[in-house]
Amino acid sequence: MTDRQIMTDDEIRRAIVRISHEIVEKQAGTQGLALVGIQRRGVPLARRIAGAIEEHEGVRVPVGALDITFYRDDLSLVAQQPIVKGTDLPFDLNGATVVLVDDVLYTGRTIRCAMDALIDFGRPRAIRLAVLIDRGHRELPIRADHVGKNVPTSREEIVKVHVAETDGRDEVSISRRASAAEPAAGNQ
Amino acid sequence: MTTETEAAVAAAARTAGQGQGAVWHHRHLLDLDVVSWPEIELIMRTTDEMKGILARPIRKVPALNGRRVTTLFYEASTRTRVSFETAARNLSADVVSVSTATSSVTKGESLVDTIRTLEALGAEILVMRHSVSGAPYLAADVFGGHVLNGGDGWHAHPTQALLDLYTMRQHLPGGDLHGRKVVIVGDILHSRVARSNIWSLTAAGADLWLCGPATLLRGMDRWATAWGGGAIPGHGRFHVTSDLTEALRDADVVMALRIQRERMQGGLLPSLREYAARFGLTAERVAQARPEAIVMHPGPMNEGVEIAPDVAISGRAVITEQVTNGVAVRMALLYLLAGSHEAAHAGDVPR
Chain A
0 MTDRQIMTDD
10 EIRRAIVRIS
20 HEIVEKQAGT
30 QGLALVGIQR
40 RGVPLARRIA
50 GAIEEHEGVR
60 VPVGALDITF
70 YRDDLSLVAQ
80 QPIVKGTDLP
90 FDLNGATVVL
100 VDDVLYTGRT
110 IRCAMDALID
120 FGRPRAIRLA
130 VLIDRGHREL
140 PIRADHVGKN
150 VPTSREEIVK
160 VHVAETDGRD
170 EVSISRRASA
180 AEPAAGNQ
Chain B
0 MTTETEAAVA
10 AAARTAGQGQ
20 GAVWHHRHLL
30 DLDVVSWPEI
40 ELIMRTTDEM
50 KGILARPIRK
60 VPALNGRRVT
70 TLFYEASTRT
80 RVSFETAARN
90 LSADVVSVST
100 ATSSVTKGES
110 LVDTIRTLEA
120 LGAEILVMRH
130 SVSGAPYLAA
140 DVFGGHVLNG
150 GDGWHAHPTQ
160 ALLDLYTMRQ
170 HLPGGDLHGR
180 KVVIVGDILH
190 SRVARSNIWS
200 LTAAGADLWL
210 CGPATLLRGM
220 DRWATAWGGG
230 AIPGHGRFHV
240 TSDLTEALRD
250 ADVVMALRIQ
260 RERMQGGLLP
270 SLREYAARFG
280 LTAERVAQAR
290 PEAIVMHPGP
300 MNEGVEIAPD
310 VAISGRAVIT
320 EQVTNGVAVR
330 MALLYLLAGS
340 HEAAHAGDVP
350 R
């Protein structure tokens with residue numbers, strides 16, 4: 000299995016800054032804006048985007064964390080129940096424009112779960128989607144509003160996002176699955 | 000290394016170990032004797048998440064959508080049964096509730112036949128209560144799905160012990176039971192709640208005391224000293240006494256058990272009045288415990304017998320919290336069991 004780097008730490012930083020500008024531009028300000036990261040790596044990415052928005056707009060946008068484990072449609076397919084990582088939405092969703100943040104957009108199933116989960120907490124005015132990597136292969140009619148980098152991939156490849164907060168470094172790499180038997184859960 | 004760094008490292012290790020590494024591999028939950036401490040931590044962590052769901056405007060997630068949960072209760076119960084059914088519905092499972100009083104059991108159908116019939120009708124998870132100790136083990140032998148013990152005879156009530164543990168952790172600083180004095184007072188002999196609690200509380204490192212009239216402690220002293228020095232990892236010694244004052248002194252947790260009139264044969268107790276006079280938890284007696292001690296009871300209560308009415312509703316009592324936590328713990332267990340598959344099963348063989 001060979002790892003190939005597709006984004007450096009600088010490229011990740013610039014992508015986050017650009018996404019933060021796009022989000023504010025699309026919303027025409029920061030009024031009613033909230034960021035919700037999907038556990039796990041969406042959460043630090045959401046915090047960084049909020050940090051970038053604060054830097055250029057001077058406004059602190061609320062950030063939440065969403066765990067979608069209980070909303071997955073493949074619970075009967077995995078060998079063990081996934082560990083739940085915690086949901087924390089410290090603001091009122093009703094009427095807010097919620098930007099979901101995740102590391103990799105792949106089949107779209109995670110995002111569908113996230114939308115189901117969000118709507119159980121209230122009725123946002125709009126839900127948008129920001130991802131660091133869009134690797135294609137959608138199985139549902141879902142598209143991202145803000146993309147850090149589009150990466151054409153094959154299904155046999157694994158895209159791995161590392162963030163300093165949990166992995167000690169910022170990097171996106173791509174590798175080929177060693178064998179077909181390797182479980183897909185947790186890797187995108 | 001300074002003590003402070005050591006403490007920080009230990010705390011980090013504890014956090015990292017909180018169910019992070021553990022995976023659930025039990026097909027059934029019959030008692031806590033085969034459940035390891037990391038697995039109990041995993042249950043506690045999953046329960047935290049379930050508590051979060053109970054605090055939401057919509058208390059329902061689709062985790063067990065389409066899974067079929069059947070409750071089969073051969074003994075009267077309100078809270079355990081309603082708690083399990085609420086838990087299953089909160090996870091979007093389909094719930095079938097069999098009441099043996101109105102079922103073919105009254106026509107003489109055997110337990111094994113009933114279970115085979117329920118399986119043929121589509122049951123995947125069977126929650127069972129039976130007056131005979133060990134009945135769920137027989138059920139687990141013949142049932143193709145998962146069996147969850149909702150209480151069997153005098154033997155075990157694992158979900159009660161887990162909700163008790165969860166409630167204690169909520170109230171003790173740092174959620175740590177190590178060295179904390181936990182006293183269980185009452186009818187230990189007939190108590191499946193006490194027996195399951197012995198496994199989990201000794202595994203948690205609590206200083207466990209069982210207290211009651213000598214007739215209702217029969218056999219416990221031998222168990223209490225059976226394993227010294229960690230012969231069985233995670234399970235340890237506990238104290239057995241009829242001296243209520245000694246048991247209550249500086250206790251952190253006081254748990255009263257129900258005097259089970261239906262299981263009380265002649266001669267074990269002179270009278271309920273005498274029991275209440277000697278062992279009933281009154282405000283004066285509870286005052287011997289630590290000022291911040293909590294008072295627990297698995298319910299249903301005989302107020303004025305094992306617990307005085309003013310103690311049951313005092314600020315120290317966490318009895319209604321136990322009931323609420325019960326739903327969350329059972330959600331966690333249904334969730335974990337539903338995700339365990341044939342290939343992963345191990346260590347479920349009864350002792």
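Protein chains in written order, with numbering that gives the first Met the number 0: chain A, 0 to 187; chain B, 0 to 350. Yeah, the Cβ is synthetic: ideal placement off N, Cα and C, and Gly gets one too.
The continuous alpha helix (DSSP H) containing B/I52 extends over residues W36 to L53. For B/V60, the residues of chain A that pass the 7 Å Cβ criterion are F69 and Y70, in the order they occur in the chain. Between B/A316 and B/V310, the CB-CB gap stays under 8 Å.
The C-beta of B/I57 comes closer than 8 Å to at least one C-beta of chain A. With contacts defined as CB atoms closer than 8 Å, A/G63 and A/D87 qualify as a contacting pair.
In this structure A/S19 is buried. Its beta-carbon is surrounded by 16 or more other beta-carbon atoms within 10 angstroms. Not one beta carbon of chain A lies nearer than 8 Å to the beta carbon of B/G298. For the set B/I124, B/R221, B/R272 and B/P212, the Cα lying nearest the Cα of B/A246 is the one of B/P212.
For the segment 23–48 of chain B, the beta-carbon criterion of a distance under 9 Å to any beta-carbon of chain A is satisfied by W23, H24, L41, R44, T45, D47 and E48. Taken through DSSP and simplified to helix, strand or coil, A/H161 comes out as strand. When secondary structure is reduced to three states using DSSP, B/G107 falls in the coil class, being assigned neither helix nor strand. For A/V62, the closest Cβ of chain B is not nearer than 8 Å. With contacts defined as CB atoms closer than 8 Å, B/V253 and B/L216 fail to qualify as a contacting pair. The Cβ of A/D91 sits no closer than 8 Å to any Cβ of chain B.
Here B/H177 is exposed: its Cβ has fewer than 16 other Cβ atoms, across all protein chains shown, within 10 Å. The C-beta distance from B/M167 to B/I187 rounds to 18 Å, too long to meet the 8 Å contact threshold. The segment 45–54 of chain B and the segment 67–79 of chain B do not touch, with fewer than three beta-carbon pairs separated by less than 8 Å.
In this structure, DSSP gives B/E283 a helical state, which the three-state scheme calls helix. Residue pairing from DSSP places A/Q4 in a beta bridge opposite A/S172.
Contact annotation for B/G303 against chain A: no contact, minimum CB-CB distance about 42 Å [criterion: below 7 Å]. Pairing B/L333 with B/L110 gives a Cβ-Cβ distance that is not under 8 Å. Here A/N93 carries a coil assignment [DSSP, helix/strand/coil]. With distances taken between CA atoms, A/D144 lies nearest to A/D133 out of A/P81, A/D133, A/V83 and A/F69.
For the C-beta of B/G144, not a single chain A residue is nearer than 7 Å; the gap to the nearest is close to 13 Å. Counted as a single uninterrupted DSSP element, the beta strand (DSSP E) harbouring B/H129 occupies residues I124 to H129.
Boundaries of the beta strand (DSSP E) around B/T69: R67 to F72. DSSP places A/L139 outside both helix and strand once states are collapsed to three, so it counts as coil. Relative to B/E123, the option among B/T85, B/A276, B/D93 and B/D112 whose CA is nearest is B/D93. The beta carbons of B/S195 and B/P157 sit about 5 Å from each other, so the pair counts as a contact at 8 Å. In this chain, the beta strand (DSSP E) harbouring B/V294 covers I293 to M295. Under the three-state reduction of DSSP, B/W198 is assigned to helix. Spanning the alpha carbons of B/A282 and B/A119 requires a straight line of approximately 53 Å. With fewer than 16 other CB atoms across the displayed protein chains lying within 10 angstroms of its CB, B/P308 is exposed.
Spatial neighbours of A/E164 in its own chain (CB-CB distance under 7 Å, excluding positions within 5 residues in sequence) are listed in chain order as P43.
In the three-state DSSP reduction, B/N148 falls in the strand class (E or B).
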